[in-house]
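Q: A single structure is presented below for examination.
Residue numbers (our numbering): 73 to 366.
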């Protein structure tokens, strides 16, 4: 029998800990604390595949606890439990490094929590597998229905200036992957010919935080504002270094429901067609949804 993956759970309510234990204990090895300080100490000596943290704890927020934990384990992945869910809390959670957030008021909470934990751990395993293959190998495969390259998200290489209209292209591509049957990956910092151009120009448009953190914050806010909070567990942002250049990879899982992208003109449904992404008309969107999510 395979060894159970270890999950660290922090919630100040014994009742909630008991409920989480009932939901997850059959498949996972759980370590549970009401005191976040004790959880932080245990994390220094034991490895965990995932942390589940209540967003509201006595005298401290779950996001502050996660930040402190990530000082010990920089790559620690977490799911945030919250009494309410909105785009702002989703953005803040993802900026802190959370893979997902779940409302305690969600219908069928047991099923939702079990599914989200399973998906989070599977997604993390897939991320490590892709990283181990090497980003250079991935680029060498070239663009396809499941892989697209973009030189930048904000800097217009031809006009040599900031062009925020390019952000819409990033949203469009990610939305197309969300609505596809396979999902996909978007590499930013790679031109159409597979040449690594890096993110230096984009970084310079970010104000004070001209680095990976600032860039991830930009993309997280951009995507959640456009596609909604439900896309957060389906999207993973990571970075690679090739030579002296950074590349950003947005890995996207297929959505279980239609994902519309919002802009100042309304909401639109995008799909992948071969190596490109296109917007569907109202009639096309209705027919596509009937077939894709029947």
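By construction, the Cβ of each residue, glycine as well, lies at the ideal position given by its N, Cα and C atoms.
Looking at the unbroken beta strand (DSSP E) that takes in residue 75, where does it start and where does it end?
A: Residue 75 sits at position 3 when you count from the first residue of the chain shown. It is not in any beta strand (DSSP E) - residue 75 carries neither H nor E in the DSSP assignment.
Q: So if DSSP puts residue 217 in a beta bridge, which residue, or which two residues, is it bridged to?
A: Along the chain shown, read from residue 1 onward, the residue named residue 217 stands at position 145. Residue 217 is not bridged to any residue.
Q: Could you pull the DSSP bridge partners for residue 323 from this structure?
A: Numbered from 1 along the chain shown, position 251 holds the residue referred to as residue 323. For residue 323, which the question treats as bridged, DSSP gives the partners 257 and 308.
Q: Whole angstroms are fine: how far does the CA of residue 359 sit from the CA of residue 342?
A: Position 270 of the chain shown holds residue 342. Position 287 of the chain shown holds residue 359. Taking the straight line joining both Cα atoms gives about 13 Å.
Q: Just the Cα atoms here: how many angstroms apart are residue 111 and residue 85?
A: Taking the first residue of the chain shown as position 1, residue 111 is located at position 39. Taking the first residue of the chain shown as position 1, residue 85 is located at position 13. Distance between the alpha carbons of residue 111 and residue 85 is about 15 Å.
Q: In three-state terms, what does DSSP make of residue 293?
A: In the chain shown, counting from the first residue as 1, residue 293 sits at position 221. DSSP places residue 293 in helix when its eight states are reduced to three.
Q: Roughly how many whole angstroms lie between the Cα atoms of residue 209 and residue 313?
A: Stepping through the chain shown from its first residue, residue 209 is reached at position 137. Stepping through the chain shown from its first residue, residue 313 is reached at position 241. Between the alpha carbons of residue 209 and residue 313 lies a gap of roughly 13 Å.
Q: Please go through the same chain and pick out, in chain order, the residues whose beta-carbon is closer than 8 Å to the beta-carbon of residue 363, but skip the five residues on each side of it.
A: On the chain shown, position 291 is the one that residue 363 refers to. So no residue of the chain qualifies.
Q: Assuming residue 291 contacts residue 319 (C-beta within less than 8 Å), just tell me the rounded distance between them.
A: What you label residue 291 is simply residue 219 of the chain shown in a count that begins at 1. What you label residue 319 is simply residue 247 of the chain shown in a count that begins at 1. That pair is no contact at about 13 Å.
Q: In its own chain, which residues sit with a C-beta less than 7 Å from the C-beta of residue 273, not counting the 5 before and 5 after it?
A: By one-based count along the chain shown, residue 273 stands at place 201. The residues are 224 and 227.
Q: Let's test the definition: count the other Cβ atoms within 10 Å of the Cβ of residue 267 and tell me whether it reaches 16, buried, or not, exposed.
A: The residue given as residue 267 occupies position 195 in the chain shown. So residue 267 counts as exposed.
Q: Using three-state DSSP, classify residue 204 as helix, strand or coil.
A: Residue mapping note: residue 204 aligns to position 132 of the chain shown, counting from 1. Confidence at residue 204 is low in this model, with a pLDDT of 47, below 50, so its placement is unreliable and the value that follows should be read with caution. Helix.
Q: What residue range does the alpha helix (DSSP H) around residue 240 cover?
A: Translated into the one-based positions of the chain shown, residue 240 becomes position 168. Note, residue 240: alpha helix (DSSP H), 237-250.
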